[in-house]
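Numbering (the working numbering), first residue to last: 139 to 515.
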């Protein structure tokens, strides 16, 4: 049965009965040359295409396919388009207010800056960051002598780009590298780990997932489903097991199997920061002892739809753990995507990955220039 037929059957459509082949037809079929492997022609099917029919996402030979310049350019364009679609609500909310403000003024004065600061606050950029942006804008206007409010738009764009730029790339420079992922329940932590595993596998990396959120049986079950779909290994213990012991076994497996990345799910409890901190410190000690000098990322997953509450969560988690970066999920479902700016400006935490949809390849690296270009252009 072909892929299209499988798809039709999966969707409940009746398939016409296929006549059985005669011995002569079978022989003719066997003598036909094998169809060309797309990989041999330099083609590489997208993740979305590989997901069709519910079959395993990856095959062995796909891990060996190298990115070429043409494919990389196509992926970059595709990522930008997805970001543009994902930020549509944020752009419509943020830029419509900025454009209305600029068109309402004929000169740049204190009334203009007051209105701009209020506009930024209403766009979920927060009071402190909005004031910082306006202070920088005042200084730039004074320096350049600009008097037309329309010219402020480019200055504002440059200031926000400068705030967001720096520390946006994941550090996976060692083999293996370790990525610990934390976040409150409901933020998309487990799903994010599954998508990261699939994306790393698509890049030809060998991944091991450690199911160290042992306080939730559902988290272990979810990860098991994701790892099966992505074709990566998982190390898990029973519910209530010691999370550090799971990490230890995952690192041992990574050494034995030559893995590139160990992805660690961890508990996201915030009701007792001391317990969370103690648990993460214990995990960190195990990693440092077993993998001295390894690149370690501790990523906090935040739900963009919570707006300023996400900034508060980031502050609390940052007090309890050594956060190295942010994963912002559900950008496509909110007009509050401006919270990326105060997270970096007020907390010094760089956004490294953003979720712009529900599909497995809708988690992508955060590129500040693309984010700002989508909002302003």
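The C-beta atom is built at its ideal place from N, Cα and C for all residues, glycine as well. From a predicted model like this one, the values you see are computed outputs, not experimental measurements.
- Distance from the CA of residue 307 to the CA of residue 437, rounded to the nearest whole angstrom, comes to 12 Å.
- At the C-beta level, residue 325 and residue 489 stay beyond 7 Å of one another.
- Residue 486 holds the alpha-carbon nearest to the alpha-carbon of residue 457 among 486, 360, 441.
- Residue 331: member of the alpha helix (DSSP H) spanning 327–340, first to last residue.
- The criterion of a C-beta distance shorter than 7 Å is not satisfied by residue 444 and residue 318.
- Residue environment analysis places residue 374 among the buried positions, since at least 16 neighbouring C-beta atoms fall within 10 angstroms of its C-beta.
- Here residue 430 is exposed: its Cβ has fewer than 16 other Cβ atoms, across all protein chains shown, within 10 Å.
- Sixteen is the threshold: since fewer than 16 other Cβ atoms of the shown chains lie within 10 Å of the Cβ of residue 285, the residue is exposed.
- Counting only the Cα atoms, residue 289 lies some 55 Å from residue 355.
- In the three-state reduction of the DSSP assignment, residue 307 falls in the coil class, being assigned neither a helical nor a strand state.
- Cβ contact annotation for residue 502 (same chain, cutoff 6 Å, sequence separation greater than five): 217, in chain order.
- For a cut-off of 8 Å, the C-beta gap from residue 388 to residue 370 is around 12 Å, too long to register as a contact.
- One alpha carbon belongs to residue 384, the other to residue 367, and they sit about 21 Å apart.
- Bridge pairing for residue 316: 400, 434 [DSSP].
- Two segments are said to touch when three or more pairs of C-beta atoms, one from each, lie closer than 8 Å; by this definition the segment 475–486 touches the segment 256–272.
- Taking C-beta atoms under 8 Å as the contact rule, residue 220 and residue 398 fail to qualify, at a distance of about 25 Å.
- Listed in chain order, the non-local C-beta contacts of residue 263 below 8 Å within the same chain comprise 271, 476, 477, 479, 480, local neighbours out to five positions each way being set aside.
- Per DSSP, the beta bridge partners of residue 467 are 441.
- Residue 465 is positioned such that its CB atom lies closer than 7 Å to that of residue 330.
- For residue 349, the enclosing beta strand (DSSP E) has its first and last residue at 345–349.
- Under the three-state reduction of DSSP output, residue 370 falls in the coil class, being neither helix nor strand.
- Check the Cα spacing between residue 258 and each of 234, 442, 351: the tightest is with 234.
- Looking at 379, 452, 451, the one whose alpha-carbon comes closest to that of residue 417 is 379.
- Annotation for residue 232: 261, 476, 513 place their beta carbon closer than 7 Å to its own, counting only its chain and skipping 5 residues before and after.
- Between residue 467 and residue 441, the C-beta gap is smaller than 7 Å, which places the two residues in contact.
- Listed as beta-bridge partners of residue 489 by DSSP are 464.
- The C-alpha of residue 299 is placed about 20 Å away from the C-alpha of residue 227.
- Approximately 6 Å separates the beta-carbon atoms of residue 240 and residue 291; this is inside 8 Å, confirming the contact.
- Among the bridge pairs identified by DSSP, residue 503 is matched with 491.
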